[in-house]
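Residue numbers (my numbering): 414 to 775.
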């Protein structure tokens with residue numbers, strides 16, 4: 414991509430940025446909350462590109478100045494200084510151009526959203542539930558590192574520990590864009606706590622990460638929802654099993670069922686269950702987008718196939734292997750303690766390489 418092509422594209426982005434900036438101050442737009450929220454998101458998404466454009470123009474201007482000095486200056490010392498500056502600026506230009514190419518790629522509009530994450534025990538009986546609990550701990554430790562917040566909306570504990578299923582909402586900056594790489598089947602190879610012969614078993618748990626739908630994303634009609642109220646179960650104090658605070662919502666047209674029982678307040682449980690239902694309905698459409706994407710190019714993001722094995726955690730060898738990018742790391746204990754950023758960074762690099770490749774062939 415030449416200087417002129419990049420400059421032309423960035424100039425178009427800058428003009429669009431200014432147009433949106435004017436629109437969001439228009440009282441008529443501000444009165445339309447859905448439109449106002451959408452334009453605000455687009456405005457913020459363009460800010461990094463506009464900043465990169467200003468930096469890029471400055472570099473090109475300095476390069477031109479250095480070239481003029483080299484073509485007209487007779488003093489050798491000044492010429493040498495200009496040459497050194499030109500070399501440094503050229504390297505900076507090349508680096509910035511690579512960053513701009515990625516910024517110019519169409520962003521997944523869901524990346525900035527919060528997420529709903531569910532972890533389910535798969536094959537392996539009690540050991541699978543224990544492993545699901547280990548994954549839950551790994552992710553919550555990672556959330557702490559990122560400064561994100563999470564709330565468990567529903568859970569079902571395993572008979573000897575861990576979880577048969579646990580669902581939580583995660584809020585923070587760019588949550589879905591980071592966690593989306595975790596969707597798929599996670600396998601563990603180790604000697605289970607329940608094994609007396611010391612044999613290594615393979616168990617599995619599935620992780621699903623959904624972009625959390627916002628109120629404006631989907632039109633949810635209350636007449637399409639059946640609400641059931643029941644007693645909470647599990648840890649939670651004296652009110653558990655004595656107050657009808659747990660909520661189950663069934664979306665009649667789709668058959669989707671969600672429930673929430675982590676709050677003592679029936680109203681709070683209802684609001685959280687409604688938010689999760691909205692998210693699951695929204696993701697029926699989003700899934701079509703992912704399926705379409707995967708048919709066009711290789712993607713590091715699972716399309717929801719619960720048979721897609723994405724990662725193996727091998728305890729005897731202390732290693733973790735991500736099968737999508739054939740990456741093996743020998744720091745299992747650190748990863749299980751929430752240090753998964755390197756895995757995600759490598760997956761994002763591979764994803765971006767695929768996106769650039771697809772863009773260049775279009």
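Even glycine gets a Cβ: it sits at the ideal position worked out from N, Cα and C.
Looking at C-alpha atoms only, which residue of the options is the closest neighbour of residue i?
{"i": "residue 561", "options": "527, 614, 491, 679", "result": "527"}
{"i": "residue 595", "options": "549, 423, 494", "result": "549"}
{"i": "residue 421", "options": "433, 455, 517, 490", "result": "517"}
{"i": "residue 621", "options": "700, 665, 734", "result": "700"}
{"i": "residue 482", "options": "436, 467, 679, 496", "result": "496"}
{"i": "residue 556", "options": "458, 753, 689, 523", "result": "753"}
{"i": "residue 586", "options": "547, 454, 677, 436", "result": "454"}
Do residue i and residue j have their C-beta atoms closer together than 8 Å?
{"i": "residue 451", "j": "residue 536", "result": "no"}
{"i": "residue 571", "j": "residue 626", "result": "no"}
{"i": "residue 492", "j": "residue 486", "result": "yes"}
{"i": "residue 529", "j": "residue 721", "result": "no"}
{"i": "residue 591", "j": "residue 603", "result": "no"}
{"i": "residue 638", "j": "residue 579", "result": "no"}
{"i": "residue 743", "j": "residue 751", "result": "no"}
{"i": "residue 509", "j": "residue 476", "result": "no"}
{"i": "residue 660", "j": "residue 673", "result": "yes"}
{"i": "residue 520", "j": "residue 465", "result": "no"}
{"i": "residue 740", "j": "residue 770", "result": "no"}
Whole-angstrom Cβ separation of residue i and residue j, contact assumed at under 8 Å?
{"i": "residue 566", "j": "residue 551", "result": "Not really, about 19 Å apart at Cβ, beyond 8 Å."}
{"i": "residue 569", "j": "residue 559", "result": "About 26 Å separates the two Cβ atoms, so there is no contact after all."}
{"i": "residue 573", "j": "residue 543", "result": "7 Å"}
{"i": "residue 690", "j": "residue 665", "result": "Residue 690 to residue 665, Cβ: 11 Å. No contact."}
Mapping DSSP to helix, strand and coil, what is residue i?
{"i": "residue 653", "result": "The predicted position of residue 653 is uncertain, since its pLDDT is 46 and thus under 50; a value taken from the coordinates is nonetheless stated next. Of the three classes helix, strand and coil, the one that applies to residue 653 here is coil, per DSSP."}
{"i": "residue 693", "result": "helix"}
{"i": "residue 765", "result": "helix"}
{"i": "residue 591", "result": "helix"}
{"i": "residue 672", "result": "strand"}
{"i": "residue 727", "result": "strand"}
{"i": "residue 491", "result": "helix"}
{"i": "residue 717", "result": "Since pLDDT at residue 717 reaches only 49, below the 50 mark, its modelled position is unreliable, and the value read off the structure follows with that caveat. Residue 717 falls in the coil class under three-state DSSP."}
{"i": "residue 597", "result": "strand"}
{"i": "residue 577", "result": "strand"}
{"i": "residue 426", "result": "helix"}
{"i": "residue 619", "result": "strand"}
{"i": "residue 648", "result": "Note that residue 648 scores a pLDDT of 48, beneath 50, so its modelled location is shaky and nothing firm can be said."}
{"i": "residue 640", "result": "strand"}
{"i": "residue 745", "result": "helix"}
Relative to the ligand NAD, is the shortest distance from any of its heavy atoms to the C-beta of residue i smaller than 7 Å?
{"i": "residue 603", "result": "Ligands displayed in this structure: none; no statement on the ligand NAD is therefore possible."}
Runs of alpha helix (DSSP H) wholly within the region 518–563 (minimum 4 residues, chain order): 539–559
Quick one: complete alpha helix (DSSP H) runs, 4+ long, within the region 451–517? 489–517
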